[in-house]
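For the sequence shown, position 137 matches number 150 in the numbering used here, and the numbering has no gaps at all.
Just so it is clear, CB atoms sit at the ideal spot from N, CA and C, and this is done for glycine as well.
Read through the structure below, which is laid out as structure tokens, and then see the notes.
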Amino acid sequence: MVNSALQKPAENGLEPAIVRALGTRSVVLVGMMGAGKSSIGRRLAARLAIPFVDADNEIEDAAGMTIAEIFAEHGEPYFRAGEARVIARLLDSGPSVLATGGGSLMDAHTRDLIREKGISVWLNADVDVLIKRTKRRSDRPLVDKLKELMPLREPFYAQSVIVVQSRDEPHDTIVDEIVGALARHLKLAAAAEQQP
14 MVNSALQKPA
24 ENGLEPAIVR
34 ALGTRSVVLV
44 GMMGAGKSSI
54 GRRLAARLAI
64 PFVDADNEIE
74 DAAGMTIAEI
84 FAEHGEPYFR
94 AGEARVIARL
104 LDSGPSVLAT
114 GGGSLMDAHT
124 RDLIREKGIS
134 VWLNADVDVL
144 IKRTKRRSDR
154 PLVDKLKELM
164 PLREPFYAQS
174 VIVVQSRDEP
184 HDTIVDEIVG
194 ALARHLKLAA
204 AAEQQP
């Protein structure tokens, strides 16, 4: 479901200009689990005053089961096909801030859709930061799995339009950096100079 509860008026003139320049495109957050896609995404959506959508939640709602259950019952190829359909649907209802699952870019069709209908932002976090964040959650993969997945996924993440380092800083600092990067990418140069 689209989360509009956190929406509030934008903080300055830059955010409305970004939203106008986005048109129907979404800001698509990509990165490993623990990179902050959901927590930073909610804040970014509130800052831009557009909806936040978590693709994993939408997949679970559509399937009527958890992602772990989908993997266990049907396998990864089935999950990735469903994930691609859900992301395609979400991208057709932009603009929004869309947090994707960590492995969503492994699918070529999904990568193409994001390139066509969104602006991808890679929240790039060092493995130590990811481990610190994911070890708090019992449903997250073990450290070895995280280290195994990173080199497989990073080449796809690196194709993102914008790369922002996700680190142990206040989320609003990261949001400021994304807003500035979006403004620069969208050629809102004068406004972007005001942002980090």
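>> According to DSSP, is S133 part of a helix, a strand, or is it coil?
In response: Residue mapping note: residue 133 aligns to position 120 of the sequence shown, counting from 1. DSSP places S133 within a strand segment (E or B) once states are collapsed to three.
> By Cβ distance below 7 angstroms, which residues in the same chain neighbour E73 in space, the five residues on each side in sequence not counted?
Replying inline: Stepping through the sequence shown from its first residue, residue 73 is reached at position 60. T79 and I80, listed in sequence order.
> Taking the C-alpha atoms as reference points, what is the distance between M45 and G114?
Replying inline: Position 32 of the sequence shown, counting from 1, holds the residue named residue 45. Position 101 of the sequence shown, counting from 1, holds the residue named residue 114. The straight-line gap from Cα to Cα measures roughly 8 angstroms.
> When we look at the beta-carbon of P164 and count the other beta-carbons within 10 Å, is it buried (16 or more) or exposed?
Replying inline: As a first step, residue 164 is located in the sequence shown; it is residue number 151 there, counting from the start. Flag for P164 reads exposed.
> Under the three-state reduction of DSSP, which class applies to I100: helix, strand or coil?
Replying inline: Residue numbering aside, residue 100 sits at position 87 when the sequence shown is read from its first letter. Three-state result, I100: helix.
>> Please classify G107 as buried or exposed, where buried requires at least 16 neighbouring CB atoms within 10 angstroms.
In response: Stepping through the sequence shown from its first residue, residue 107 is reached at position 94. So G107 ends up on the buried side.
>> Please return the same chain residues whose Cβ sits closer than 8 angstroms to the Cβ of A68, not counting the five positions on each side in sequence.
In response: Residue 68 sits at position 55 when you count from the first residue of the sequence shown. Cβ neighbours of A68 beyond the five flanking positions: E96, V99, I100, L103, L111, A112, T113, G114 and S117.
> What number of angstroms, rounded off, separates the C-alpha of P90 from the C-alpha of M119?
Replying inline: The residue given as residue 90 occupies position 77 in the sequence shown. The residue given as residue 119 occupies position 106 in the sequence shown. Their Cα atoms are separated by approximately 11 angstroms.
> Between I132 and V174, is the Cβ-Cβ spacing less than 7 angstroms?
Replying inline: The residue labelled residue 132 in the question sits at position 119 within the sequence shown. The residue labelled residue 174 in the question sits at position 161 within the sequence shown. Yes, the pair counts as a contact, with Cβ atoms nearer than the cut-off.
> So the alpha helix (DSSP H) S51 belongs to, where does it begin and stop?
Replying inline: For this step, residue 51 is matched to residue 38 along the sequence shown. Its alpha helix (DSSP H) spans residues K50 to L61.
> Per the contact definition of three or more C-beta pairs closer than 8 angstroms, is the region 138-146 in contact with the region 27-42?
Replying inline: No: fewer than three Cβ pairs fall under 8 angstroms.
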